[in-house]
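Participant:
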Amino acid sequence: MKTIKKIISISAALGIIVSMFTGCSIAPNSSKKTISVFNWGEYIDESIIKDFTKQTGIKVNYQTFSTNEEMYQKVKSGTNKYDLICPSDYMVDRMIKEDLVQPIDFKNVPNYSNIDNKYKNLSFDPKNKYSVPYMWGTIGIIYDKTQIKDKIDSWDVLWDTKYKDKIFMSDDMRNSIGISLKRLGYSMNSTNTEQISKAATELTKQKESMNPVYIGDEIKDSLRNGEKPMGVIYSGDAAVLMKEKPEKFEYVIPKEGTNLWFDSWVIPKNASNKTSAEKFLNFLLNAKVNKKNVDFIGYGTPNKATYNLLQDSEKNNKASYPDDASLKNAEIFKDLGDTRKLYNDTWVKITAKK
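Count the sequence shown with mature numbering (1 follows the signal peptide of the UniProt record, and there is no 0) and you get residues -27 to -1, 1 to 327, in order.
1. Take every Cβ of the stretch 24 to 39, pair it with every Cβ of the stretch 214 to 225, and state whether three or more of those distances are shorter than 8 Å.
2. Since Val186 contacts Met142 with CB under 8 Å, what's their CB separation in whole angstroms?
3. Met68 by DSSP, collapsed to three states: which one?
4. Give me the Cα-Cα distance between Leu154 and Lys54, rounded to the nearest whole angstrom.
5. Label Val321 either buried or exposed according to how many other C-beta atoms from any shown protein chain fall within 10 Å of its C-beta, with 16 as the threshold for buried.
6. Using three-state DSSP, classify Ile188 as helix, strand or coil.
7. Is Gln179 buried or exposed, if buried means 16 or more other CB atoms sit within 10 Å of its CB?
8. From the DSSP output, in three-state form, read off Gln36 for me.
9. Select from Leu309, Met203, Ile22 and Thr40 the residue whose C-alpha is nearest the C-alpha of Ile125.
10. Can you find the residues in the same chain that come closer than 6 Å, C-beta to C-beta, to Ala325, ignoring five residues on each side of it along the sequence?
11. So the beta strand (DSSP E) Gly110 belongs to, where does it begin and stop?
12. Between Ala211, Asn232, Asn255 and Asn290, which lies nearest to Ser160 when the distance is taken from Cα to Cα?
13. List, from N- to C-terminal side, the alpha helix (DSSP H) runs of 4 residues or more that fit wholly inside the stretch 124 to 185.
14. What's the gap between the Cα of Met108 and the Cα of Pro76?
15. Please state whether the Cβ-Cβ distance between Glu220 and Thr134 is less than 9 Å.
16. DSSP three-state call for Lys326: helix, strand or coil?
17. Which partner residues does Ile206 have in the DSSP bridge list?
18. With a threshold of 7 Å on Cβ separation, who are the neighbours of Pro275 within its own chain once the five nearest residues in sequence on each side are excluded?
19. Using beta-carbon positions only, say whether Trp128 and Ser182 come within less than 9 Å of one another.
20. Let me confirm a value: Thr166 is counted as buried when at least 16 other C-beta atoms fall within 10 Å, else exposed. Which label applies?
21. What did DSSP end up calling Thr279 once you bin it into helix, strand or coil?
22. Please report the residue range of the beta strand (DSSP E) in which Thr29 lies.
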């Protein structure tokens, strides 16, 4: 999920080519249509976009963002119009509350039946009216087990001075403040001023004593290059690294608990081509198309038809598909409401300290 911001514009060749992935028919004059899709960086196999255009004649203007907040500001401003966007759980909740998204016409998305029931009726969209889950996962700690021989099972290790100058932290407000809250025994969704202050104090102490580097999805390349032996990472990125070098990398969900996150597709209220966006969404939910994405991204899929196509080794990968025991203390991020400003102000102070 989630990488350095970049903007990619893809204009695939027009034509009526039957795709190997799905049997959708081509709509009249569809070659004249273009949809704008706003997604996390490195969060789709771009050949899928070309396949969709070949099959339907619908062009895709594909752009990427690096944080939920960046995406939200662009959608909220109305300056840029998008037909399909991919926010995370708490941001879906917020955008529903603020009337920034519209209901999906599921008659145009028959492949929604591929979504496993356990990934429906989630807290941020309990009636399955506005969103379709795309990928899911956790945040945890990845470490180089050829260098680190200690048992890693707690967020406490990120404050252990033994590992000074050896740690990457998440350059994401909700992740890092959430980790500090969870380590102290509080909820990652705390709105308690005192608890948030304590979490911030601990992060400040960590910066002073540990000298961690705050980083985004470039952490994969940094770990590959051996820049540091440990870091906070999204499960899918960890799965990719573990697949590349199983003898080197290990991923753990700390015992205190973690964030169980879901990224979902929604259609903005001001979308220009809703029907075409729903066609693209339906295409993405095709089992084989989705598997191509899963193979590229490394995250857990909520698509049961795709899951059934995976090899046993992939299903048993505890980074992508952790067991229930590992998730017993996990929390889905919620919209913070009025407490958002406190988190934002706190984050600015933490990151401003040298």
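Note that CB positions come from ideal geometry on N, CA and C, so glycine has one too.
Facilitator: The relevant details are as follows:
1. Of all C-beta pairs linking the stretch 24 to 39 to the stretch 214 to 225, fewer than three are shorter than 8 Å, placing the two stretches out of contact.
2. Yes, they are in contact, since the Cβ atoms of Val186 and Met142 sit about 7 Å apart, within 8 Å.
3. Residue state, collapsed to three classes: helix.
4. About 36 Å.
5. Under this definition Val321 is an exposed residue.
6. It is a strand residue.
7. So Gln179 counts as buried.
8. Three-state DSSP puts Gln36 in a strand.
9. Of Leu309, Met203, Ile22 and Thr40, the residue nearest in Cα terms is Met203.
10. Contacts found: none.
11. Per DSSP, Gly110 belongs to the beta strand (DSSP E) from Val105 to Asp117.
12. Nearest C-alpha to Ser160: Asn232.
13. DSSP runs (the alpha helix (DSSP H)) wholly in the stretch 124 to 185: 146 to 156 and 166 to 183.
14. The straight-line gap from Cα to Cα measures roughly 20 Å.
15. No, the pair does not count as a contact, with Cβ atoms beyond the cut-off.
16. In the three-state reduction of the DSSP assignment, Lys326 falls in the coil class.
17. In the DSSP output, where bridge partners are listed per residue, Ile206 has Gly113.
18. Closer than 7 Å at the Cβ level, and outside the excluded window around Pro275, lie Ile88, Asp89, Tyr92, Pro106 and Trp109.
19. No; because the gap between Cβ atoms is not below 9 Å, this pair is not in contact.
20. Per the 10 Å Cβ criterion, exposed.
21. Thr279: helix per DSSP, three-state reduction.
22. Judged by DSSP secondary structure, Thr29 falls outside any beta strand (DSSP E) and instead within the alpha helix (DSSP H) spanning Glu19 to Thr29.
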